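Chemist: To start, I am sharing the structure in question, which I have written as structure tokens.
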């Protein structure tokens, strides 16, 4: 019995050491940029796509392929009007859709930047926050951060149409209604895209 216990403990220790070694190697690859999964920077578009692919269990990459037709969305805005992708593109500018969630800490942290971009970049790009939750809480959130254009999803119908399952994430749509960027996942990738 004692030999069996010792054998099981030895196997557990070896398994723990093997997994620890794998984790240390992965951290080293991330730090020196030689990681084959995350490229040089996990916040780069390629790194974000790899992260999204990895978090999807290796399945289909998050986001839609660049150059495909952007799905039409038609969601209520905080001002009571409807916000469709067609209406957002009507000014002949690119549209940056930023997908957030009220329960997401990183989403809340990026909102002051988003409000600044909405103001400073309004001549070149239309920036819309696509979120969910109650109208009242989103209205308070928009007022707190100075957000101008907020579209409300009932659940995740807008973000699901764009295969944007992680928040915060963002995608650029060109004036012709085509996907113009890979899905940017995380605050650094979104900032780079903006």
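Numbering (my numbering), first residue to last: 43 to 236. A virtual CB, placed ideally from N, CA and C, is assigned to each residue, including glycine. Fair warning: this is a prediction, and the values are worked out from it, not measured in the lab.
1. Does the contact criterion of 3 or more C-beta pairs under 8 Å hold for the segment 166-174 versus the segment 193-206?
2. May I ask you to verify whether the segment 147-155 touches the segment 222-233, counting CB pairs closer than 8 Å and requiring at least 3?
3. Using CA atoms only, rank isn't needed, just tell me which of 234, 144, 164, 105 is closest to residue 130.
4. Leaving out five residues on either side along the sequence, give the residues of the same chain with a beta carbon under 6 Å from the beta carbon of residue 123.
5. Under a three-way DSSP split, which group does residue 210 fall into?
6. From the beta carbon of residue 168, is the nearest beta carbon of chain C less than 8 Å away?
7. Could you work out which residue in 136, 54, 234 is closest to residue 222 when comparing CA atoms only?
8. What's the gap between the Cα of residue 161 and the Cα of residue 55?
9. Going straight from the alpha carbon of residue 177 to that of residue 183, what length do you get?
10. Spatial neighbours of residue 187 within its chain, please: C-beta separation below 7 Å, excluding the five flanking residues on both sides.
11. Quick check on the burial criterion: 16 or more other C-beta atoms within 10 angstroms. Buried or exposed for residue 208?
12. Could you pull the start and end residues of the beta strand (DSSP E) that residue 170 belongs to?
13. Roughly how many whole angstroms lie between the Cα atoms of residue 215 and residue 149?
14. For residue 151, which of 235, 210, 107, 57 has the nearest alpha-carbon?
15. Within the same chain, show all residues whose beta-carbon is closer than 8 Å to that of residue 201, passing over the 5 residues directly before and after it, in chain order.
Modeler: In this structure, then:
1. yes
2. yes
3. By 1-based counting over the chain shown, the position of residue 130 is 88. Answer by Cα proximity: 164.
4. One-based indexing of the chain shown puts residue 123 at position 81. There are no such residues.
5. Counted from its first residue, the chain shown places residue 210 at position 168. In the structure shown, residue 210 sits in coil (DSSP, three-state: anything other than H, G, I, E or B).
6. Reference to chain C is not applicable here, since this structure consists of a single protein chain.
7. Start at 1 with the first residue of the chain shown, and residue 222 comes out as number 180. Closest by alpha carbon: 136.
8. On the chain shown, residue 161 is found 119 positions in, with the first residue counted as 1. On the chain shown, residue 55 is found 13 positions in, with the first residue counted as 1. Computed Cα separation, rounded: 56 Å.
9. On the chain shown, residue 177 is found 135 positions in, with the first residue counted as 1. On the chain shown, residue 183 is found 141 positions in, with the first residue counted as 1. Between residue 177 and residue 183, the C-alpha separation is close to 10 Å.
10. The count along the chain shown starts at 1 and reaches residue 187 at position 145. The answer, listed in chain order, is 153, 154, 157.
11. As a position in the chain shown, residue 208 is number 166, starting the count at 1. Classification for residue 208: buried.
12. Start at 1 with the first residue of the chain shown, and residue 170 comes out as number 128. Taken as a continuous stretch (DSSP letters only), the beta strand (DSSP E) holding residue 170 covers 167-174.
13. Counted from its first residue, the chain shown places residue 215 at position 173. Counted from its first residue, the chain shown places residue 149 at position 107. In a straight line, the C-alpha of residue 215 is about 20 Å away from that of residue 149.
14. Start at 1 with the first residue of the chain shown, and residue 151 comes out as number 109. Checked all of 235, 210, 107, 57; the closest Cα to residue 151 is 210.
15. Here residue 201 refers to the residue found at position 159 when the chain shown is read from its first residue. Cβ neighbours of residue 201 beyond the five flanking positions: 141, 172, 195, 207, 209, 211.
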